[in-house]
Structures are given as structure tokens and as C-alpha cells.
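Colleague:
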Amino acid sequence: MTETKQADTAAVYRTDRYNPQEIEPKWQARWRDQRLYEVDLDDASKPRYYFLTMYPYPSGDLHVGHWYAEAPADAAARYRRMRGYNVLFPMGFDAFGLPAENAAVKAAKEGRDVHPARLTYERIARMEEQFAQMGAMFDWSKKVVTCDPEYYRWNQWFFLKMWERGLAYRKESFVNWDPVDQTVLANEQVVDGRGERSGALIERRLMPQWHFKITDYADELLDFEGLDWPERVKVMQTNWIGRSEGAEVTFTSERGDPIEVFTTRPDTLWGATFMVLAPEHPLVASLTSEDRRDEVRAYVERASRMTELDRQAEGKEKTGSFIGAYAVNPVNEQRIPIWIADYVLMGYGTGAIMGVPAHDERDFDFARRFGLVITPVIQPDGAAPLDGATMEAAYTGDGRMVNSGPFDGTPSGKEGSLEGIRRVIAWLEERSIGSGKVTYRLRDWLISRQRYWGTPIPMLYCDRCGLQPEHEGNLPVLLPADVAFMPTGESPLKTHEAFLRATCPTCGGPATRETDTMDTFMDSSWYWFRYLSPHREDVPFDADLAARWTPVDTYTGGIEHAILHLLYARFFTKVLRDLGLVAIDEPFRRLRNQGMILGEDNEKMSKSRGNVVNPDLLVAEYGADAVRTYLMFIGPWDQGAPWSYQGIEGVTRFLGRVWSLLLDPPEAPAAGGAPDAGAVEELRRAVHGAIRAVTEDFEAFQFNTAVAELMTLQNAMSKAKSGAVTRTAAWQDARRTMLLLLAPIAPHLCEELWERLGFEGSVHVQTWPDFDPEALVRDSIPMAVQVNGKVRGQIQVPTDAAKDAILSLARAEPNVARYLAAGEVQREIVVPGKLVSFVVR
RNA sequence: GCGAGGAUGGCGGAAUUGGUAGACGCGCUAGAUUUAGGAUCUAGUGGCCUAGCCGUGCGGGUUCAAGUCCCGCUCCUCGCACCA
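Per our numbering, the very first residue in the first sequence carries number 5; after that it's consecutive.
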């Protein structure tokens with residue numbers, strides 16, 4: 005009888021080493037079958053928490069970067085759920101976009117037929133399988149796929165609403181043309197003069213394009229009040245919006261044409277000795293004198309042909325051309341020459357500037373290059389009077405106004421006193437020659453793309469009625485499936501007869517459909533609302549659910565979206581608010597960015613370098629839990645780190661140790677078998693210390709130290725483990741706590757152990773443990789003793805008895821005892837667990 | 001140039017309000033086990049001229065006490081950059 009029982013016990017415990025390949029698929033299937041992660045959005049019994057991670061583009065393969073983005077986020081979401089929240093953690097796919105279309109074009113070149121839709125849905129299916137391997141708690145019942153007509157019809161619907169409000173408009177303008185991808189790009193998508201995706205040199209072209217009026221919201225977008233966002237993201241957006249305050253002043257050509265300029269230094273108006281217009285400025289042609297015509301035309305043409313990169317490559321070396329005309333400076337009636345130069349940009353301010361070489365570095369360079377007059381009008385205090393003929397650089401600092409008519413002597417500048425600037429603006433306004441003005445670097449969002457694989461813009465061209473919006477009832481304007489991709493890369497919509505043919509919603513006559521599609525950033529500007537009701541056909545999203553579930557509590561994703569996506573998403577949320585669809589101003593309350601995983605060689609992973617780490621192989625080799633744990637342990641999440649195979653071996657060992665630590669039968673009890681009270685106390689302390697530390701780490705997104713704490717707990721438990729200790733309640737508590745704390749990180753392992761140890765239910769629906777502060781208090785702790793900064797020894801100190809500490813010290817340190825006796829101790833500083841210092845005279 | 005962040009062992013990285021720097025892991029060393037290797041376990045591991053001294057990029061400062069605070073530098077990463 006006894007023998008049988010022992011054999012049974014052994015059978016339970018003898019497993020078996022930790023084998024993730026066996027347990028992980030089992031639990032993934034069970035969680036799916038039990039619908040463990042489906043969220044009831046109407047459950048009001050618990051506080052709501054919306055945890056969102058940026059949805060991926062369906063490239064067809066989950067790489068380590070996806071794991072790095074999603075696995076720690078999943079752990080954080082699981083933690084939040086264990087804290088008692090009803091957590092929504094959805095996932096979807098950003099499914100429109102160029103790669104799929106380019107694949108189709110490439111196939112067409114090779115005589116094969118590949119449709120982007122088929123390709124995209126295949127890739128999505130494959131990536132969903134890979135996502136399942138991660139063991140994440142995504143609620144797939146809320147899945148959003150942006151190339152589904154049920155999704156993109158709402159892009160079209162929003163577009164129409166924005167059209168009605170004047171927030172969407174079509175305008176001919178200079179645009180960034182990507183000759184490789186055969187489409188225009190938003191300013192945000194041009195990096196160093198090259199296309200963000202293709203890397204091709206961007207050309208400037210004048211084309212009619214669709215825009216969203218994001219500039220209407222520039223000021224509001226500068227306000228990050230109440231947002232818990234990384235500083236650098238806020239700074240990047242602020243710089244991008246580029247607000248500057250100044251004045252708009254009207255100069256006049258000799259002939260009488262008004263020429264507006266923008267300046268941030270109206271206090272330097274008296275120092276304007278020339279004007280510069282952008283080469284594209286509309287007045288250039290008419291103002292240019294006969295004798296300068298050829299040269300000016302040549303300059304304009306050269307500038308227009310230049311790519312953005314060429315313009316930048318010119319560096320500080322200024323070029324320009326005098327146009328043979330003069331303007332009158334309205335403040336002092338001075339006659340000044342008008343030039344054109346490409347350092348003046350048509351797209352910023354008014355496309356024209358006043359040249360104040362004495363107080364602007366660029367104007368100074370330009371004046372020096374072309375021998376123009378330099379007249380100082382700001383005199384720095386306590387310096388020799390500035391002389392335009394001998395100045396070696398522009399003076400951009402503060403000083404007193406000189407040579408400035410009624411303002412002479414006024415303190416002025418950007419740094420200290422703004423008095424001069426303020427008074428000059430008031431003076432300009434009185435005389436109606438200028439006014440205070442705020443200018444932004446931000447341009448309107450160019451949303452049209454000359455591509456097929458995107459949301460068709462629901463607009464029509466009618467010969468009789470002109471530009472007309474499609475009827476709401478006719479939405480969605482479907483992308484035709486039967487298209488032939490041309491090797492040229494040109495959008496097949498342009499030649500698709502059935503798509504082009506439409507009926508004018510106003511006159512009923514024939515009309516032609518717009519063939520441009522929308523930027524895919526449109527799709528990602530509102531997808532988190534759609535997760536709440538992904539299949540509603542009557543509204544883009546359930547307003548009631550949106551009211552309860554948004555703004556998103558925590559949003560995570562890559563820093564590369566600091567400007568593009570995040571700025572558009574904020575803009576769009578404000579538009580939705582103004583359309584009366586939501587009541588919030590900001591979409592994401594808390595934002596956290598993960599860094600990048602580099603190859604083992606500390607370089608960016610790339611096929612050509614051969615340093616790519618394949619997560620599928622990692623899962624096969626180490627298991628998903630090990631991959632998750634390692635990615636969380638590898639370093640601070642926002643920083644990223646180089647991959648290390650030795651590193652993942654380390655966490656694999658840790659998980660294996662947890663496995664055998666919790667399952668293996670204890671050694672035979674020592675003689676007598678009474679547990680050592682000190683050891684039990686030490687174990688309790690380790691357990692509660694871990695609860696406190698891991699909790700804090702999860703709150704702060706410090707996953708690396710959370711894992712480190714659990715390793716420390718494992719070490720403490722291994723040390724404490726003995727036959728006697730394992731019979732105590734403290735050991736039971738330690739086992740349970742270890743599983744609860746580790747569950748968000750290594751969900752499969754913990755679920756398996758939870759079951760094997762006979763605990764109730766699923767570990768993932770348990771409540772996160774609280775730590776007991778009492779458990780952390782030591783009755784006696786070692787302290788270093790420091791006197792006037794020198795460590796003089798170590799003593800055991802009862803925490804609640806500073807007096808005793810002094811007495812102990814007095815015994816240990818004769819010198820201090822002497823001071824004490826002499827009453828010379830000024831104060832003592834006792835820091836529990838740290839050290840004791842004494843300050844003596 | 002402007003803005004943000006950073007510099008800590010052989011490596012990745014830890015260090016509430018200033019309180020015994022180097023947690024945790026990797027690597028390394030020794031031992032146990034093993035026919036051997038691997039795996040696993042145990043102990044050790046900042047440096048040095050080792051009763052002690054020196055150590056957190058450099059130079060000053062504040063403090064009983066500085067990786068942490070202040071002043072002045074150097075270097076690195078990222079973002080923006082002729083924006084008037």
C-alpha cells in the first residue's frame with residue numbers, strides 16, 4: 005500500500021524535463037477553444053482598459069521585430085488583466101499598401117498573374133498562424149483588415165464628411181513625386197530628399213492632388229496636455245509642426261504690386277536692404293525686367309529641375325539672381341533690389357522674404373556673396389557700434405534698435421525683451437502695412453496616391469457639374485478585382501473602363517471616377533475605433549462603445565511612427581470630434597515605444613548581412629515562452645538590444661529551473677524535520693520582495709528588471725528548498741506566487757505548472773498578488789557604519805531602534821563614543837537596510 | 001547649428017528622495033557528476049603593488065555621504081535642419 009502510493013507520487017513528479025514543444029501548442033489550442041481571451045465589451049463589472057499595439061503590415065512573415073513589439077506588450081496587457089481590469093487587446097492588419105501591388109507589378113513583368121488581394125489575404129492567414137505561436141491574448145474576434153470593403157468604405161465615408169466641411173480639398177501644388185513607386189508622397193514620407201519606401205530621389209512636380217486640412221489643427225496639435233507620451237515624440241511633433249511667431253509685412257514693387265513677406269524679426273525691418281522671392285513665386289515672371297529675363301528664366305528652370313537633395317547638397321553656398329526690379333520698404337520708403345534665390349521656399353510663409361543681412365545668417369551670406377548693402381539696426385549693449393562694412397557674421401542676438409526711425413533705443417530681440425518686436429507690430433498694424441502673424445512649417449496632408457491598392461477616393465468628374473462627391477448610398481466605391489497590372493507600374497484604375505464609368509450624383513449624366521486612392525495612413529488613423537465594432541454596417545463604429553472605451557489607455561509601437569502615424573491619428577481624432585462622432589480630443593493617453601532588435605553583430609538585421617534571427621526557428625528550438633522571456637530580459641524595452649543566442653540559452657535555463665524547482669520531489673527531510681525558522685522567514689521575504697518589484701516594473705514597462713527579479717526569486721527558492729521547508733505554507737505560497745508573477749511573461753509554462761500543481765482554474769484569470777509589507781521588515785539587518793564619510797565597520801541593527809544603533813556603534817567605535825560623550829554628534833542618519841552615518845564636528 | 005537621450009566590469013545591463021556601485025543574465029575559473037563530451041549542480045568572478053587602496057567618459061564644486069545634485073568640457077545615438 006505504502007509502496008504503491010510512493011510509486012504514484014513519483015509518477016506525478018517524474019517528468020520529465022521542461023518540454024515547451026509539447027505544452028505550448030496544447031495550451032494555445034485550449035485557450036482558443038475556451039475563448040479565454042474574448043472580451044465582453046459590455047462587461048461593466050470591472051474597470052475597462054484598452055491596450056493597443058500598432059497593427060502590422062501583412063508582409064507575410066513575422067520577424068523578430070514583431071515579436072519584440074508584441075510579446076512584451078502582451079505581457080503588459082496580461083498583467084493589467086490580472087490586476088482586475090477588463091482588458092481589450094485587439095489585433096488586425098494594415099493591409100493596403102505598395103509592397104503587395106509592387107509584387108503584382110513585378111509578376112506582371114514576368115508574365116505571371118498575382119493579385120494584391122489574394123497575396124494579402126494569404127499573408128494575413130500565415131501571419132495569424134505565426135501570431136498564434138506567440139501565445140498572445142489577442143482577441144481575434146475584433147480583427148480589422150483594412151483592405152476589406154467593410155472597412156475602407158468608412159474611409160470613403162469620412163472623406164465625404166471632410167469634403168462637406170472643407171477639410172478635404174483638391175489643389176494643384178508642387179508635390180513630391182517618387183519616380184520608382186510612381187506616386188506622390190506626403191512631406192512626412194520624404195526623408196533626406198528620398199522616398200521613404202523606395203529610396204528614390206524625389207522630384208518636384210506640379211500636380212492636382214487631394215489634401216486634408218491638418219493645418220487647421222496645428223495649434224491644437226501642439227498641445228500635449230494630459231498625455232503620458234515620451235518626451236522625444238512630443239518634441240519631434242512639435243518641431244514638425246514648427247510654429248513661429250512674427251509679422252506679415254507688405255512691401256510694394258516700384259510698379260505697385262504688393263509683396264507679402266513673413267518675418268520673425270519685424271524689429272529689424274529698417275535693416276532690410278533687399279528682397280528675395282522663391283523661384284516659384286507667382287510675381288517673378290511679371291516683375292522681371294527685360295534685360296534680366298534670360299538669366300532669371302534660366303535660374304528658375306534650374307531650380308525647378310533640382311531634386312530636394314540637390315538643393316540641400318548646395319549647402320550654405322548661396323545662389324540667386326537679380327530680377328531687375330525694385331521694391332519699396334514700407335517703413336522707411338527705401339528702394340531695395342528684388343532677387344530670387346532657392347534658399348527661399350515657396351511652401352513656407354509667403355514665399356518671399358525681406359533680406360536683413362546684418363541680423364540673419366542666411367541673408368548675411370547672400371549679401372556677402374552678391375555684394376549687397378548691410379545695415380545694422382540692432383546694437384548689442386556694451387559693444388562697439390556695428391558696422392555693416394566690417395561685420396564678419398550676422399548678429400542675431402538682443403540689443404537696442406538703431407537706425408530705426410521712431411524706435412531708436414528700444415530694447416529688442418528674441419531672447420530677452422520682446423518689446424521692440426511687439427511695438428513694431430502694433431505700429432505696422434496702425435499704419436495697415438503689416439500685422440502680427442503665426443506661421444507653421446506643417447503643410448496640409450497630401451492624401452492622394454496614384455496607385456491601385458488603396459481606398460478609392462469617392463469623387464467624380466462630371467462634364468456639366470464639375471467635381472462631385474459620390475452619394476453616401478453608393479459606398480463603398482469598390483476596387484475592381486479584374487485588373488491587369490502593367491509593367492510600367494501605372495495604376496490599372498486609370499484604364500479600367502467599368503471603374504471609370506460613373507453617374508453624376510447631381511445631374512444624372514455621365515461622369516468619370518477619380519482614380520487616385522488614399523494614403524494608407526488614412527486607414528491607420530482610426531482603426532482602433534473600428535476594433536470596438538468591426539462589422540457594423542451602419543456606422544464606422546459604435547458611438548456608445550467608443551465613449552466607454554476610448555481614448556486608448558496604452559498604445560505601444562515603434563518610434564518610426566513618431567510623426568507620421570501618430571500625428572495623423574491625433575488629427576483624425578480631432579476631426580471625428582468636430583464631426584460629432586466622439587467626445588475625446590486625443591486618441592492615446594499613454595504611449596510607449598519599443599526599440600529595435602539588432603543582429604548579433606550589433607547591426608541592423610538584413611538578409612544581405614546574414615544576421616537575421618528567425619522567430620519560427622527560435623520557437624521550434626526554445627519554445628515561445630523562452631523567446632518571450634528573453635525579449636523582455638534582453639534590455640530596456642524602449643532601447644532595444646543586439647540579439648544573443650547565448651542570452652536566450654540563459655533564460656531557457658531559468659525556465660527549466662523553475663520547472664524542476666516547482667515540480668521535483670523535495671529531498672528527504674533532514675533528521676527531525678523541523679523547518680528552520682530563519683529559512684522560512686527568508687523565503688517569505690524573497691516572495692514579497694518579488695511581488696513588489698515585479699509589480700513596479702510592469703507599471704513602469706521595465707520588463708528586463710521584472711524578469712531579473714523573478715530569477716532572484718528562483719534563486720532564493722532554490723536555496724530555501726529542503727524537505728522541511730517544502731512542507732510549510734510559505735513554500736506553497738512561494739510556488740503559487742512564482743507562477744502568478746511569471747504568468748504574463750511565460751504563459752504556457754505557468755499554465756502547465758498551475759495545472760500540475762493542482763491549483764484551480766487558469767492561471768491567467770487569477771488575481772495579481774499583493775505584497776505584505778510586514779514580510780519585508782527584518783528584525784535585524786546588517787548596516788555599514790560610516791563616520792564622516794568613512795566606513796568604520798558593520799553592525800546588526802534592529803530596524804525600529806535607532807537609539808540601539810547608536811549604542812551599538814558606541815561600543816564598536818571608540819572614537820564615536822568619545823564624540824557622543826562630548827555631545828558633539830550633530831545628527832545621526834539612519835537608513836534601514838542601508839547604512840548609518842554620523843556627523844561630528 | 002537646434003532639440004532629445006546617453007556614456008557604469010570581458011559583454012547585455014541593475015542601482016526610490018543622494019545612502020555599502022556592479023542586481024539579474026551571459027562569458028570566464030575551479031569543483032561535483034559523467035568513460036569522454038554535452039547537459040546539470042556547487043562555489044568564485046570590477047581593478048590593483050590585496051592588513052589596504054582605487055574605481056560609474058573628462059575637469060572642477062556642493063555634501064557626513066555623489067553613478068545620482070551644480071558648473072565647465074569630450075564623445076556617442078536619434079530627430080530636425082537654408083522654415084525667414
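Beta carbons: idealized from backbone N, C-alpha and C, even for Gly.
Residue ranges of each alpha helix (DSSP H) run of no fewer than 4 residues wholly in the region 602–650, ordered along the chain?
Modeller: Fully contained in the region 602–650 are the following alpha helix (DSSP H) runs of length 4 or more, in chain order: 619–626 and 628–637.
Colleague: For Gly-69, name the three-state secondary structure that DSSP assigns.
Modeller: Looking at Gly-69 - three-state DSSP - the assignment turns out to be helix.
Colleague: In the DSSP assignment, the beta strand (DSSP E) including Cys-466 goes from what residue to what residue?
Modeller: 463–466
Colleague: Are the CB atoms of Thr-560 and Ala-48 within a distance shorter than 7 Å?
Modeller: no
Colleague: When the distance is taken between beta carbons, is Asp-182 closer than 7 Å to Leu-171?
Modeller: Here Leu-171 is not near Asp-182, since their CB atoms are 7 Å or more apart.
Colleague: Does Val-195 pass the burial test, meaning 16 or more other C-beta atoms within 10 Å, or should it be called exposed?
Modeller: Exposed, by the Cβ-count rule.
Colleague: Should Gly-101 and Thr-524 be called a contact, given that it needs their Cβ atoms to be closer than 7 Å?
Modeller: yes
Colleague: Is DSSP giving Ser-308 helix, strand or coil here?
Modeller: helix
Colleague: In chain order, what residues of the same chain have a beta carbon less than 7 Å from the beta carbon of Arg-383, not counting five sequence neighbours either side?
Modeller: Note on identity: in this sequence residue 383 is Gln, with Arg being the wrong assignment. Closer than 7 Å at Cβ, skipping near neighbours: Pro-389, Leu-390, Gly-403, Arg-404 and Val-406.
Colleague: Give, in chain order, every unbroken run of the beta strand (DSSP E) that is at least 3 residues long and sits entirely within the region 403–434.
Modeller: Correct list: 403–405.
Colleague: Contact between the region 513–522 and the region 530–545: three or more CB pairs below 8 Å?
Modeller: no
Colleague: Give the secondary structure of Pro-480 by DSSP, where H, G and I count as helix, E and B as strand, and everything else as coil.
Modeller: coil
Colleague: Between the C-alpha atoms of Pro-234 and Gln-38, what's the straight-line distance to the nearest angstrom?
Modeller: Taking the straight line joining both Cα atoms gives about 38 Å.
Colleague: Just to confirm, is the Cβ distance from Pro-773 to Val-68 under 7 Å?
Modeller: The Cβ-Cβ distance between Pro-773 and Val-68 does not fall below 7 Å.
Colleague: Would you tell me roughly how many angstroms separate the C-alpha atoms of Arg-269 and Arg-596, rounded to the nearest one?
Modeller: 38 Å
Colleague: Is it buried or exposed for Pro-120, if we count other Cβ within 10 angstroms and need 16 for buried?
Modeller: Pro-120 is buried by the Cβ-count criterion.
Colleague: Between Leu-852 and the rest of its own chain, which residues show a CB-CB distance below 6 Å, the 5 nearest in sequence each way excluded?
Modeller: Here the chain has residues from 5 to 845 only, and residue 852 is not among them.
Colleague: Could you give the first and the last residue of the continuous beta strand (DSSP E) run that contains Thr-267?
Modeller: For Thr-267, the enclosing beta strand (DSSP E) has its first and last residue at 262–267.
Colleague: Would you grab the beta carbon distance between Phe-775 and Arg-696 for me? Rounded to a whole angstrom, and I think it's under 8 Å.
Modeller: Indeed, because the Cβ distance is near 4 Å, the residues count as touching under 8 Å.
Colleague: Is the CB-CB distance between Asp-557 and Tyr-53 below 7 Å?
Modeller: Taking 7 Å as the cut-off, the beta carbon of Asp-557 is found closer than this to the beta carbon of Tyr-53.
Colleague: For the ligand MN, I want to know if Glu-224 counts as a neighbour, meaning its beta carbon is within less than 6 Å of at least one of the ligand's heavy atoms.
Modeller: Among the ligands in the structure shown, none appear at all, so the ligand MN cannot be discussed.
Colleague: Ordered along the chain, which non-local residues of its own chain (more than five positions away) have a Cβ less than 6 Å from that of Trp-157?
Modeller: Contrary to the premise, residue 157 reads as Arg rather than Trp in this sequence. The residues are Leu-479 and Pro-480.
Colleague: Tell me, please, which residues DSSP counts as bridged to Ile-340.
Modeller: Ala-331
Colleague: So, with DSSP's three-state summary, where would you put Val-835?
Modeller: Low local confidence applies: a pLDDT of 43 at Val-835 is under 50, so the model's placement there is unreliable, with the coordinate-based value given in what follows. Reduced to three states, the DSSP call for Val-835 is coil.
Colleague: Note down the Cα distance separating Gly-614 from Ala-345, rounded to an integer number of angstroms.
Modeller: 47 Å
Colleague: How far does the beta strand (DSSP E) with Tyr-252 in it extend, from its first residue to its last?
Modeller: Before going on, a small fix: residue 252 reads as Glu here, not Tyr. From DSSP, the beta strand (DSSP E) with Glu-252 extends over 247–257.
Colleague: How is the beta strand (DSSP E) around Lys-498 delimited, first residue to last?
Modeller: Counting along the chain, Lys-498 falls outside any beta strand (DSSP E), and DSSP gives it neither H nor E.
Colleague: From Thr-394 to Glu-321, what does the alpha carbon distance come to, in whole angstroms?
Modeller: 20 Å
Colleague: For the beta strand (DSSP E) that Lys-175 lies in, which residues bound it at each end?
Modeller: 172–182
Colleague: If you follow the beta strand (DSSP E) that Trp-214 is part of, which residue opens it and which one closes it?
Modeller: Counting along the chain, the beta strand (DSSP E) containing Trp-214 begins and ends at 207–216.
Colleague: Quick one: grab the DSSP three-state call for Leu-102.
Modeller: helix
Colleague: Would you call the region 240–256 and the region 432–446 in contact, with 3 or more CB pairs under 8 Å?
Modeller: Yes: the two stretches touch, three or more of their Cβ pairs being nearer than 8 Å.
Colleague: Rounded to the nearest angstrom, how far is the Cβ of Leu-761 from that of Cys-754, given a contact under 8 Å?
Modeller: That belief does not hold up - the Cβ atoms of Leu-761 and Cys-754 are roughly 10 Å apart, past 8 Å.
Colleague: Three-state secondary structure (DSSP) at Gln-383?
Modeller: Of the three classes helix, strand and coil, the one that applies to Gln-383 here is strand, per DSSP.
Colleague: Residue range of the beta strand (DSSP E) that Met-358 falls in?
Modeller: 356–359
Colleague: Enumerated in chain order, which unbroken segments of the beta strand (DSSP E) with a length of 3 residues or greater are wholly contained in the region 125–201?
Modeller: Those beta strand (DSSP E) runs which fall completely within the region 125–201 and span 3+ residues are 172–182 and 187–189.
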